[in-house]
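Take a look at the structure below.
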Amino acid sequence: MPHILLTGAAGFIGFHVASLLLRGGAHVVGVDNLNSYYTPALKRGRLDQLKAYSNFEFIEADIADHDALRGRLALEQIESIVHLAAQAGVRYSLDHPFEYERSNIAGHLSILELARHASALKHLVYASSSSVYGDRTEGPFREDDRCDTPVSLYAATKKACELMSETYSRLYQIPQTGLRFFTVYGPWGRPDMAYWSFTEKIRAGKPITLFAEGKLSRDFTYVDDVAAAVVNLLSKPPAQSPPHRIYNIGNSRPTSVLQLVSAIELAAGKKAEILMAPMQKGDVHVTFADVSRAAADFGYAPTTNIEEGIARFVSWYDDRGRQYRANA
71 MPHILLTGAA
81 GFIGFHVASL
91 LLRGGAHVVG
101 VDNLNSYYTP
111 ALKRGRLDQL
121 KAYSNFEFIE
131 ADIADHDALR
141 GRLALEQIES
151 IVHLAAQAGV
161 RYSLDHPFEY
171 ERSNIAGHLS
181 ILELARHASA
191 LKHLVYASSS
201 SVYGDRTEGP
211 FREDDRCDTP
221 VSLYAATKKA
231 CELMSETYSR
241 LYQIPQTGLR
251 FFTVYGPWGR
261 PDMAYWSFTE
271 KIRAGKPITL
281 FAEGKLSRDF
291 TYVDDVAAAV
301 VNLLSKPPAQ
311 SPPHRIYNIG
321 NSRPTSVLQL
331 VSAIELAAGK
341 KAEILMAPMQ
351 KGDVHVTFAD
361 VSRAAADFGY
371 APTTNIEEGI
381 ARFVSWYDDR
391 GRQYRANA
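Residue numbers (our numbering): 71 to 398.
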């Protein structure tokens with residue numbers, strides 16, 4: 071059976087993509103190093119869900135250690151690669167730059183080299199980010215817009231990954247698709263994200279801090295819509311030459327942080343105590359995806375609004391998520 075290599079399998083988006091692929095009968099080889107950027111217990115909790123499937127195989131490894139990773143893979147069996155592993159977090163990159171160089175730059179190059187030597191490979195889909203667009207006050211953001219003014223090292227590494235993929239696509243004709251994700255949220259999410267920490271603090275009766283007076287807006291995108299897009303796209307490699315394509319994966323409906331808080335208050339049935347603070351370094355004022363290219367090319371059509379998605383997250387948090395503290 072052809073295998074799908076999925077990096078970042080114990081991560082938030084990776085877990086949801088793997089679950090969807092496994093339910094569809096695919097053989098998924100998941101790779102993750104289970105690092106401690108946030109509590110590894112949450113990553114192991116996701117893995118426990120995936121290991122219930124007989125068609126799931128897990129390899130604990132660092133993707134940046136190319137020789138070690140390649141030695142544990144049967145490259146000739148890999149038909150598709152979904153590369154989602156990366157060091158996430160805009161603010162974290164200000165104090166831990168070398169972790170981004172290793173995971174995002176060296177790690178991406180490692181996966182490109184695997185793809186180069188995987189004889190049966192039909193498509194490599196990889197994660198980019200809306201952060202590549204920099205700090206803008208207007209939208210929507212289109213894939214052909216200039217992306218040469220990043221405001222964080224994280225954003226710079228993601229743009230570098232796109233450029234490396236373009237190079238490998240030209241040199242070796244590797245079919246690749248880069249996905250610029252816009253603020254993905256939902257159950258089994260990342261505790262460092264605002265919606266999680268807000269929910270945790272509101273439930274505990276603690277104040278929450280809103281930067282830039284809560285006026286920052288994000289194109290919040292529900293994780294099930296994202297996972298469906300990845301899986302749908304996997305069987306549709308680019309037909310152009312060179313075979314490399316970039317897509318926005320967002321909800322195309324920016325929501326202010328104040329509106330996010332209102333959605334959490336509604337779902338939790340409890341008002342938030344709010345503290346205001348100045349805008350932080352590395353932050354951007356707004357993200358806003360134009361998804362018309364994805365809609366035209368592979369029928370991308372997100373369906374989950376912020377109120378519905380946050381209600382699902384809060385329900386999951388109350389049932390299971392509260393054991394994985396945001397500050398753990």
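All C-beta atoms in this analysis are idealised placements derived from N, C-alpha and C, irrespective of residue type, glycine included.
One alpha carbon belongs to glycine 209, the other to arginine 186, and they sit about 36 angstroms apart.
CA-CA distance, aspartate 205 to proline 220, rounds to 7 angstroms.
Separation of lysine 113 and methionine 346 (C-alpha to C-alpha, rounded to the nearest whole angstrom) is 32 angstroms. Rounded to the nearest whole angstrom, the CA to CA distance from serine 198 to glutamine 246 is 12 angstroms.
At a cut-off of 4 residues, the continuous stretches assigned as alpha helix (DSSP H) that sit fully inside the region 314-373 are 327-338 and 362-368. Between the C-alpha atoms of phenylalanine 281 and serine 326 there is a straight-line separation of about 11 angstroms.
Taking 7 angstroms as the cut-off, the Cβ atoms of glycine 259 and glycine 379 do not count as close. Within the same chain, no residue comes within 6 angstroms of serine 362 by CB-CB distance, once the 5 residues on both sides are set aside.
With the rule of 3 Cβ pairs closer than 8 angstroms, the region 174-185 does not count as touching the region 266-285.
Of the candidates Val293, Ser201, Tyr317 and Ala299, Ser201 places its Cα closest to the Cα of valine 354. Segment contact: the region 259-279 against the region 316-336, three or more CB-CB distances shorter than 8 angstroms; contact assigned. Glutamine 147: not part of any beta strand (DSSP E); DSSP gives it neither H nor E. For arginine 216, there is no enclosing alpha helix (DSSP H), as DSSP gives it neither H nor E.
Here DSSP, grouped into helix, strand and coil, assigns phenylalanine 252 to coil.
According to the DSSP assignment, isoleucine 175 belongs to no beta strand (DSSP E), since it is labelled neither H nor E. Judged by DSSP secondary structure, glutamate 130 falls within the beta strand (DSSP E) whose first and last residues are 126-130. Annotation: alanine 188 is outside any beta strand (DSSP E) and is labelled neither H nor E by DSSP. Annotation for threonine 237: the continuous alpha helix (DSSP H) segment containing it runs 223-242. Contact between the region 288-306 and the region 213-231 is absent: fewer than three C-beta pairs spanning the two stretches fall below 8 angstroms. In the displayed model, serine 198 falls within a strand according to three-state DSSP.
Nearest C-alpha to threonine 237 among Asp135, Glu146, Ser189 and Glu183: Glu183.
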